Structure formats: C-alpha cells, structure tokens
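Chains as they are written, first to last, in the working numbering: chain A, 83 to 369; chain B, 30 to 277; chain C, 12 to 282.
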Amino acid sequence: MRQVLRSAFLLAVLIVLHVIILQRAATESKRLPAVRESGILIPVPVLIISSLEYKGFVSDLLFIKALIFRGSSYERKDVPRITPDEWQWFNGILIASTTLDPYFIDPYYLANAHMTWEAGMVRETNELLEKGTTYRDWDWLLPFYAGFNSFFFLHDNEKAVELLSKSSERPGPREQLLSLAARLAYTDKKTENAIIFLAAILEKTEDRELRIQYMTRIHALQARLLLEKGVASYKKKHGRYPTVLQDLVKTGIITEIPKDPYGGNFTVDPQGRVESSSDFQLMIRQR
Amino acid sequence: MSIITYSGITKSYNSWPRGNSVLALDGFSLEIEKGEVFGFLGPNGAGKSTALKILLNFVFPSAGTAKLMGREVSDEHARDHVGYLPENPYFYDYLTAKEILWFGGKASGLQKSEIHARTEMLLDRMGLKASCDRPLRTYSKGMVQRAGLALALIHNPDVVVLDEPMSGLDPIGRKLVGDIILELKAQGKTVFFSSHILTDVERFCDRAGILVGGRLRLVGNLPGLLSGAGSLEDVFMRAVGMTEERKI
Amino acid sequence: MIRRLWPLALITFREGTRNRAFYGISLIALVLMGASFFISGLIMRDVGKAAVDMALSTVSFAGLLLVLFVSIDLMAKDLDKRTIYMVLARPISRRQYIVGKFFGISLLIAVTVLLLSVFAAISISIIRWANPDYFSRFFWGPVMLSEVFIALSLILLSALSFLFASVVSTSFLTLVLTIISYLIGQSLTSVKALVEAPQASGITISPVTLKLVQAAYYLFPNLSLFDIKIYAAHGLAIPSSFIVWTLLYGLVYIILSITVAAHLFAKKEFP
C-alpha cells in the first residue's frame, strides 16, 4: 500500500513539473529571433512529383498553410504587416496549391480577397483567377472577380467586358452580368459602373474586413458621383465647368461638398474631372 | 519397380559470387521398394536432407534423375500420395492445426467429409485435440512436430518421407512417432526417414543406408549390416571412415 | 484449376487478416479518417473536395501499407522462413503456388479496400451531413470508381512484388524494390512530362536522362493512371474509354508480372 502511494505521489509530482516546465520552455522559445514566414517555396515540379498520388490532399494542406499565415498576420504589430517578399511567398503557395489541383476553389478566393487590396498584386491575382476560370468551367464567380479587378484596378475595360461575358456564359445571374458588361463599354459612366460592380461584389463578400473596405470605397465613389453629376449640371446651366467645387454649393446645385472617407479633398480640373487628393483610385491600404 | 529411385544424383551448390562449390551429393543412387521402412543415416551435413528434398522437388539435382511413385520428381503429381515432414517444420503463424489439416487435405484432393473424419482421427492420435483451434504460433516444439506429422498423413499417403522426425521431441513424443511408423509399416506403407538416432533405426527399419560426404557408403538390411559388427554404432563409425560404397 | 488453388488462396487470405500489421493498419486508417474531420473544418468552400481527398488518400495509403507490410510478408516470408515446405509438399506445382498465393493476396487487398471504402463513405457522409451546402458537385460514382482503381493499382504493385520475390533472396530486398517501384510508378508521368519539356521549368536535361526516363516509362507500372482522386473530389466526368483502357492496362501488367514471376519461381530452389 505504501509502495502504491509513493509511486502515485512521484507520478503526480512529475506530471506537475512536466506542465510547468513545458509552459516555461514555450515562453522562453518566444525569445528566439522571429522567423518570418517568407519561408521556402518548393519548386512546383518537385512538389508535383513528390506529392505522388496525394496531390489533392497536398493542395488542401498548402491552402491551409496560406490561410493560417494570413490569419496569424493580423496579430502582427509592424507596418506593413506583410512584407512584399512574404506576399510573393503567399502567391507562390497559392500557385502551387492550384497547380496540384486547379479545380480547388478556396485558393482562388483567398488570393482575390487579399492579394489585390493589401498586396497590390492584381496581375498575379488575375493570373490565378483566369486559371481557375479555365478549369472550373461551371463557375461564374471567378471570371466575375477577375473582370472586376481588370476594371477597377487595372483600368482595362476591354478585358473586363471580355471576362464578364465569359462569366455570363456559365450558370448564374446572366442578365445582371450582361447588363454590367454593357455598361462597362461606356467609359464615361466610370464612377457609376464602379459603384454597381462594387455593390455586386459586396453582396458576395462575407469577410468583415473586406466588406468595410468595399463599403468605404462605395461611399467615396458615391461622393464623387454626386460631385460629377453636380459638375455636369453646372456645365449645362452655365456652359462651362466650375473652377472650384465651392461653386456648386454657391449656385445651389448641391447643399455641401461631401466628405472623402479617405480623408482627401475633392477638386475639379479644367476638363471637369473630379479627383480627390487622397487619390483613392489606387488603393493599397496600409494599416 | 521401386517406389523411390535415385539414379546417379549429384548436387552441387555454388556459393555466389566466389564460386566455391559444395558437393552435397555425389553420384548418389538408391532404390526403395514398396512397403519398406528405410532408415537413412549419416553425420551432420552428409546430404541426407538434400536427398530427401530432391525427392520432393524442393531442390533440383545437378545431374542424375529421381523418381517417386513411377513419376519424375518434377511432376507435381508424383506427390499425390506422398506425405512429407521437414526437419524443423514451420507453419503459417496464425492458422490453427485444424485449418492446416483442412488445407493439406483439400490441396491433395480430399472431400470435405473425408477431411473431417481424418482430421478428427489424426488430431486425436497426435494428442492435439485440445489445442486444435489455437494458432500454431502458440504451440510448443513438440506440438509443432506432431502437427507436421498429422499434415503429412492427412491424405493417407502411400509413401511417407520424414526428415529427422524425432528431433526435438521428448521421450513421449518419440514413442508416439515410433508407434506411428510401426503402424504405417503394418498398413503396408513405405516409410523413408532420416535420423541421427541409431536405436530408432534399429527399431523400425527393414533396411538402412549410411550417407557420408554426399556418398552412400553402406546400404543393406539390418541383419546384414549388423552381422559380425557388434552395434550399429560401430557400423556407423566404420562407415564414416570408408571410401567406397559397400552393399550388403 | 481454380478449385485446386482455392485452399492455398484461402489460407493466404486468412493468415493475412490475422497478421498483427493488419490491425495496425486499420488503426492508422481510423486515425486518418479522424484527421479528415479536422482538415475539412479548415477548408472554407470546397469542403466536399477536401472530405473526398482525405477519405480516398486514406484508403490509398492504408492499402499501400497493406501491400508493403502484409502482402510481402505473406509471400516473401514463405521463402525466408521455409513455411513454403508445407505448401510445396502437396501436389502443387511452382506455377500453381504463385497463382494460388496471388489470388489469396488479391482477395485480401480487395476486401481490405472494400472495408476502408466503407469507413471512407461514413466519414464523407458525416462531413456532408454537417456541411450540406458544400457538396453540390459530389457524386458517389466517381468516388467508388476511384476506390476500384486504387484496389487494382495495389494488386498490380503486389504482383510486381511477387516478381521481385521470385528473384531476390530476402523479404527485405523485396520490400525495398517494391517501395522503389511504387515511387517510380507514381511519379513517372510527372517526371516524363518534366524531362520532355524541361524549358518550362528552366532546367536542362541530357539526352541520356531523357532516354532513360522514356525506357522506365514502359518498364515500370504507370500507377498514376489509376489515380483519379481529384476527379472524384470535384465530381468531374471521367470518359469511359479511359476507364476501359486503364483497366485493360492494369490487367495486362498483372498477368505479365505473374507469368514472369511464375516462370522465375519454377527455377527457385529451397535447400
């Protein structure tokens, strides 16, 4: 009996020690120099060969790796949160995942959600999205997103229309897509089209961070749209463009100059174009 | 016609890559008649096992021919009515004695009812009734040997070839095997076995042969071998020193 | 002929199911299925695909372990441990031995894959029940076909292991050769594509390497043909002509391997 008690006591002591020491060692390990996940990118051919018959599974793991990286980056304090090198790595991981399984939807979504706004890697994003479009021939969303990117970030309306048309060929909101494509063909309705496009994208977005970004953008565009309409009205009335936007308020066309949610000042140029000093056309957001 | 015939069998093993060859059997010839109990003696490494394995087609002769029950040993049907017990029998670990016997019977073409009857009989005779449904890996050496003997006899063969059947058995086991050999003899079966144990050879055999260094030195019926020599042991020791075969 | 081989096939099968490694492999399969719940949980949209990926990869991997550690054991151990005397002492020829053993092992593989497939079906069904919206492109047909292909490729691999066992002297060597064949067989298509168009990856390939790879392509089994997991995962259509030709390829390669194995085995001695 004594023997059993002694052994039980010893065991209990060891277990407690084990827990304490483990916690201590873990906190100590945080003092090691932080290794950034700019990590190693295994060349794609090597990855393909070494995945043997488990390509689908490995593509899942690679996606999860990218996802976890993105999630953990939100906890970082430095600015910018993710370095360009890391973004390259992120892109590389998603390329690898979609090379192993080009039908896998999640990497395409992840790329589109994060690589355009924050990383400014729109071309790379569209490369991925277009690969996805080729393989996922039943999917209307990928070409839709690619189309938006072309229109909004790359200012390539022609490409945007092409992608929207492709999107409309797949099962989905065909009418909506075709009408949007038609609108894009008219470049003078740029701000309005941008709002419509963005609103459609917003509808499909669940990520809270992204929704905020899109809504801010929509507000900015609506502000500009109001001013643009005001400028057009002024032109009609007075035969020329206003020299300053204050003129619109003075002549009672608008009640007040709307605020730019990006904190800039709206101005009008001699050709009647409304711009903002915040230059929210290019939108790499730093936080 | 003899039921077992060896004609000028030579077997050499080449050790790869060096090429030193070992001559396991050298011009070995022997005839065993139906109904005989033949004891095969010889020192370790003399080639007894090899000779038996040639009969079962486990090993191929480098020269010479061997026939079993009127067929070339390379013909699988030569083994239709032959039972074999190897020196250290190994079985599939996880099968039971009953399952092994089922396999042996079925593979030799027996019907289900026959197998059932003979299995019961043999398990009983070998004293394995109690453990017949346990996996073979749990058997003691003696039990394994007895199971092997049962397997050799499941199909009621006309010829029984036993390689050191008494090895590793306790006196009870030895008595059992000995009794069975005598029973087989009484049934008119042919028994061909190799052994170290001279007393056993004296007990059961009609004829015996002494193999030394791959060559048959002495062969003949027991009385003839022993005449004027004293014990079989003396005969054996002298045979080891001989250079030519002597038939008696 | 089948009737004579049935006893050997059956005891081979039985011995396989009682092998301790068999239980270990079943345990591994269960653990991996458990992991699939976890991994599917991390995937946001293509949950169906991830569930199928994991389920089929588990069937494949556990099956591979079976071939490497049970099937080879059943065959090569016969030679190592001299349990073959028990069988060859019967009126069975060397050729019949090989074919009988092979039937037994094929049966073992087929039954095991079937069992694993049942577990896979359960695991997929549970994930589907929890995430019904993400299984819109899921069909059982391609999944089951994938499992049939897995079984066939494993039987093929074990036929090849028979060939090796008929030539080399220890079960360890047979194991090593079989593993190498598996690795080559799975990566062959990718490697061949790579060496035939190296400029896409920015590397240079010597003509000797190219010829070697092309020769290997015809010699070793092209196991990647039997890997249709991605198509099953996304519910993509698989042309029936592909199915037919691949099945034929498997069959022919198996028959070839076993025939050569039987021929070589007839020359083997057991001193």
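A virtual CB, placed ideally from N, CA and C, is assigned to each residue, including glycine. Computed from a prediction, not measured in an experiment: that's the story for all the values here.
Spatial neighbours of residue i within its chain, please: C-beta separation below 7 Å, excluding the five flanking residues on both sides.
| i | result |
| --- | --- |
| Ala176 of chain C | Met86, Ala87, Leu90 and Thr185 |
| Leu139 of chain B | His184 |
| Ser268 of chain C | Ala170, Leu171, Phe173 and Leu174 |
On the criterion of 16 or more Cβ atoms from any shown chain inside 10 Å, does residue i qualify as buried, or is it exposed?
| i | result |
| --- | --- |
| Ala126 of chain B | buried |
| Gly52 of chain C | exposed |
| Phe72 of chain C | buried |
| Leu92 of chain A | exposed |
| Leu134 of chain A | buried |
| Leu223 of chain C | exposed |
| Tyr237 of chain A | Just to set this straight, residue 237 of chain A is His in the shown sequence, not Tyr. His237 of chain A is exposed by the Cβ-count criterion. |
| His100 of chain A | exposed |
| Leu16 of chain C | buried |
| Ile266 of chain C | exposed |
Which bits of chain A does residue i rub up against, with CB to CB less than 7 Å?
| i | result |
| --- | --- |
| Gln197 of chain C | Leu134 and Glu135 |
| His245 of chain C | Tyr185 |
| Ala61 of chain C | Asp142 |
Mind listing the chain D neighbours of residue i? Cutoff is C-beta to C-beta under 8 Å, in chain order.
| i | result |
| --- | --- |
| Thr94 of chain C | Any reference to chain D falls outside this structure, whose protein chains are A, B and C. |
Return the CA-CA distance between residue i and residue j, expressed in angstroms with no decimal places.
| i | j | result |
| --- | --- | --- |
| Gln353 of chain A | Lys60 of chain C | 54 Å |
| Leu63 of chain A | Ser182 of chain C | Residue 63 of chain A lies beyond the residue range present for chain A, which begins at 83 and ends at 369; the question has no answer from this structure. |
| Leu330 of chain A | Ile124 of chain A | 59 Å |
| Phe113 of chain C | Leu99 of chain C | 15 Å |
| Arg267 of chain B | Leu261 of chain B | 10 Å |
| Leu230 of chain C | Leu221 of chain C | 14 Å |
| Ser154 of chain A | Arg163 of chain A | 10 Å |
| Leu70 of chain B | Arg246 of chain B | 10 Å |
| Ile50 of chain C | Lys170 of chain B | 51 Å |
| Glu285 of chain A | Arg293 of chain A | 9 Å |
| Met203 of chain A | Val126 of chain A | 20 Å |
| Met147 of chain B | Glu116 of chain B | Note on identity: in this sequence residue 147 of chain B is Arg, with Met being the wrong assignment. Arg147 of chain B and Glu116 of chain B: Cα-Cα distance of roughly 23 Å. |
| Leu165 of chain B | Tyr123 of chain B | 6 Å |
| Tyr296 of chain A | Ala193 of chain A | 16 Å |
| Leu77 of chain C | Leu171 of chain C | 14 Å |
| Ile366 of chain A | Ala201 of chain A | Low per-residue confidence applies at Ile366 of chain A: pLDDT is 45, beneath 50, and the placement is therefore not dependable, though the value from the model is reported in the following sentence. If I take the Cα positions, the gap works out to 7 Å. |
| Ala227 of chain C | Ile214 of chain C | 20 Å |
| Gly111 of chain C | Arg163 of chain B | 25 Å |
| Thr200 of chain C | Leu194 of chain C | 11 Å |
Who are the Cβ neighbours of residue i in its own chain at under 8 Å, not counting the five residues just before and after it?
| i | result |
| --- | --- |
| Glu274 of chain A | Arg265 and Leu307 |
| Lys278 of chain C | none |
| Ala267 of chain A | Asn239 and Val243 |
| Gly56 of chain B | Gly37, Ile38, Thr39, Gly93 and Arg244 |
| Arg252 of chain A | Asp219, Trp220, Asp221, Trp222 and Pro225 |
Could you tell me which chain C residues have their CB closer than 9 Å to the CB of residue i, listed as they occur along the chain?
| i | result |
| --- | --- |
| Pro115 of chain B | Arg93, Tyr96, Met97 and Ala100 |
| Tyr191 of chain A | Met55 and Arg56 |
| Asp221 of chain A | Ordered by position in chain C, no residue passes the 9 Å Cβ test against Asp221 of chain A, which lies about 10 Å from the chain. |
| Arg108 of chain B | Leu99, Ala100, Arg101, Pro102 and Ile103 |
| Glu60 of chain B | By Cβ distance, chain C contributes nothing, its closest Cβ being about 22 Å from Glu60 of chain B, past 9 Å. |
Excluding five sequence neighbours on each side, which residues of the same chain lie with their C-beta closer than 6 Å to the C-beta of residue i?
| i | result |
| --- | --- |
| Leu234 of chain C | Ser164, Gly196 and Gln197 |
| Gly27 of chain C | Val81, Leu85 and Leu119 |
| Arg369 of chain A | Because the pLDDT at Arg369 of chain A is just 34, under 50, the model does not fix this residue reliably, and the value given afterwards should be weighed accordingly. Counting only Cβ-Cβ distances below 6 Å, and skipping sequence neighbours, we find nothing. |
| Phe149 of chain C | Gly59 and Gly246 |
Mind listing the chain A neighbours of residue i? Cutoff is C-beta to C-beta under 8 Å, in chain order.
| i | result |
| --- | --- |
| Met65 of chain C | Phe139 and Asp142 |
| Ile241 of chain C | Lys137, Gly138, Asp183 and Tyr185 |
| Val202 of chain C | Ile131 |
| Ser71 of chain C | Glu135 and Tyr136 |
So, residue i versus residue j, is the Cβ gap smaller than 8 Å?
| i | j | result |
| --- | --- | --- |
| Phe172 of chain A | Ser179 of chain A | no |
| Tyr113 of chain B | Leu85 of chain B | yes |
| Ile135 of chain C | Val63 of chain C | yes |
| Ile249 of chain C | Tyr242 of chain C | yes |
| Met195 of chain B | Ile239 of chain B | no |
| Ile175 of chain A | Lys147 of chain A | yes |
| Pro153 of chain C | Thr79 of chain B | no |
| Met65 of chain C | Ala40 of chain C | no |
| Phe222 of chain B | Gly68 of chain B | yes |
Anything in chain A within Cβ reach of residue i, meaning under 9 Å, just list it in chain order.
| i | result |
| --- | --- |
| Leu53 of chain C | Asp142, Phe145, Ile146, Leu149 and Ile150 |
Whose Cβ in chain C lies nearer than 8 Å to the Cβ of residue i?
| i | result |
| --- | --- |
| Phe221 of chain B | Here the premise fails: no neighbours, minimum Cβ distance about 14 Å. |
For residue i, go through chain B and note every residue whose CB falls closer than 7 Å to its CB, in chain order.
| i | result |
| --- | --- |
| Arg29 of chain C | Tyr123 |
Given that residue i touches chain B, what residues does it touch there, using C-beta distances under 9 Å?
| i | result |
| --- | --- |
| Arg25 of chain C | Tyr121, Tyr123, Leu124 and Glu128 |
Could you name the residues of chain C that residue i contacts, counting a contact when the two beta carbons are closer than 7 Å?
| i | result |
| --- | --- |
| Asp188 of chain A | Ile54, Met55, Arg56 and Asp57 |
Just to make sure I have the definition right: I need the residues of chain B whose C-beta is within less than 8 Å of the C-beta of residue i. Which are they?
| i | result |
| --- | --- |
| Phe130 of chain C | Those do not exist, as Phe130 of chain C stays about 23 Å from chain B at its closest Cβ, beyond 8 Å. |
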